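Asks:
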Amino acid sequence: GAGVSQSPSNKVTEKGKDVELRCDPISGHTALYWYRQSLGQGLEFLIYFQGNSAPDKSGLPSDRFSAERTGGSVSTLTIQRTQQEDSAVYLCASSLVPTGVGNTEAFFGQGTRLTVV
Amino acid sequence: DQQVKQNSPSLSVQEGRISILNCDYTNSMFDYFLWYKKYPAEGPTFLISISSIKDKNEDGRFTVFLNKSAKHLSLHIVPSQPGDSAVYFCAASPSGGSNYKLTFGKGTLLTVNP
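Which chain is which? The protein sequence lines are L and Z, in order.
159 is the number of the first residue of the first sequence in this note's numbering; add one for each residue after it.
-9 is the number of the first residue of the second sequence in this note's numbering; add one for each residue after it.
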């Protein structure tokens, strides 16, 4: 497909379990972002990748959260020992260059709705 | 501390009329602004953007106005159509080292009534 693809679309997990969320960005996009949207909130920045490097992880809420990107393409966001407050929609986005560099937009996937019970 | 604020959680307009969605920001480093539209169970889709060197950008029925001195931008939709019913997010990115980071408002739910 031509867009950003995320899987799974929905994930229900028990508190304390680990989850892995996947993002396939648009081919050729060097910049990749993870955002989170909690109920009634705006999108909250989590992490930014340029190529395979993550120069900004400042938005990750705790050390239970980690992310990697391989081959300058697919990214996975891992949440260990999930808690109920982790329940949210996790959105991945990509852009050809960083948004502010090229005054260009980021394209979002449909998101993964995570529910921790 | 919310750096991008959309003070109206919802807005209802009649089909054919103008919709005006507002956004205020506090960070003077923001120099690129975007509007995204989001339907339920879908990711946000880009609508229109504006650079801080401009005060207006128009694309079909959509126009974004930027007032830098007031740190305010608005999205005008004319004429509004029922298919425009969605949540609209205002976003901003700064100049400088964090120019990749978009800061979003909480969104405004627009309902266009037939």
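Ideal placement from N, C-alpha and C gives every residue a C-beta, glycine not left out.
Bear in mind the structure is a predicted one, so any value in this text is a computation, not a measurement.
If you check the beta carbons only, do L:Ile184 and L:Ala212 fall under 8 Å apart?
Replies: Cβ distance not < 8 Å, so L:Ile184 and L:Ala212 don't count as in contact.
Asks: Is Z:Phe23 close to chain L? Criterion is C-beta to C-beta, closer than 8 Å.
Replies: No - not a single Cβ of chain L is within 8 Å of the one on Z:Phe23.
Asks: Within the chosen definition, does the region 21 to 32 of chain Z reach the region 69 to 86 of chain Z through at least 3 CB pairs nearer than 8 Å?
Replies: Yes: the two stretches touch, three or more of their Cβ pairs being nearer than 8 Å.
Asks: Can you give me the C-alpha to C-alpha distance between Z:Ser59 and Z:Ser88, rounded to a whole angstrom?
Replies: If you take the alpha carbons of Z:Ser59 and Z:Ser88, they lie about 22 Å apart.
Asks: If you check the beta carbons only, do Z:Tyr15 and L:Gly258 fall under 8 Å apart?
Replies: Their beta carbons are not under 8 Å apart, which means Z:Tyr15 does not touch L:Gly258 by this criterion.
Asks: Taking 8 Å as the cut-off, decide whether the C-beta atoms of Z:Leu92 and Z:Cys13 are in contact.
Replies: No, the Cβ-Cβ distance between Z:Leu92 and Z:Cys13 is not below 8 Å.
Asks: Give me whichever residues DSSP pairs with L:Thr228 in a beta bridge.
Replies: L:Thr228 is not bridged to any residue.
Asks: Within a Cβ cutoff of 8 Å, which residues of the same chain sit near L:Lys169, ignoring the five residues on either side of it in sequence?
Replies: Answer for L:Lys169: Val177, Leu179, Thr270, Arg271, Leu272, Thr273, listed in chain order.
Asks: Classify L:Ala189: buried if its beta carbon has 16 or more other beta carbons within 10 angstroms, exposed otherwise.
Replies: Per the 10 Å Cβ criterion, buried.
Asks: To the nearest angstrom, how far is the alpha carbon of L:Val162 from that of L:His187?
Replies: Distance between the alpha carbons of L:Val162 and L:His187 is about 10 Å.
Asks: Let's test the definition: count the other Cβ atoms within 10 Å of the Cβ of Z:Gly95 and tell me whether it reaches 16, buried, or not, exposed.
Replies: Per the 10 Å Cβ criterion, buried.
Asks: Is Z:Gly6 close to chain L? Criterion is C-beta to C-beta, closer than 8 Å.
Replies: Not an interface residue.
Asks: Using only alpha-carbon positions, find the residue among Z:Ser42, Z:Asp49, Z:Asn57, Z:Leu56 that is nearest to Z:Ile67.
Replies: The shortest Cα separation from Z:Ile67 among Z:Ser42, Z:Asp49, Z:Asn57, Z:Leu56 belongs to Z:Asp49.
Asks: Please name the residues in the region 89 to 102 of chain Z whose beta-carbon is closer than 9 Å to at least one beta-carbon of chain L, in chain order.
Replies: Taking 9 Å as the Cβ-Cβ cut-off against chain L, the residues of the region 89 to 102 of chain Z that qualify are Asn89, Tyr90, Lys91, Leu92, Thr93, Phe94, Gly95, Lys96, Gly97.
Asks: Looking at chain L, is there any beta carbon in it that lies within less than 8 Å of the beta carbon of Z:Phe55?
Replies: So, not an interface residue.
Asks: By the three-class DSSP mapping on this structure, what secondary structure does Z:Asp49 have?
Replies: Looking at Z:Asp49 - three-state DSSP - the assignment turns out to be strand.
Asks: Below 8 Å, can you find three or more Cβ-Cβ pairs linking the region 226 to 244 of chain L to the region -4 to 11 of chain Z?
Replies: They do not touch, by the three-pair rule.
Asks: Identify each residue in the region 23 to 37 of chain Z for which the Cβ-Cβ distance to at least one residue of chain L is less than 8 Å, and report them in chain order.
Replies: Going along the region 23 to 37 of chain Z in chain order, one finds Leu24, Tyr26, Ala31, Glu32, Gly33, Pro34, Thr35, Phe36 with a Cβ nearer than 8 Å to chain L.
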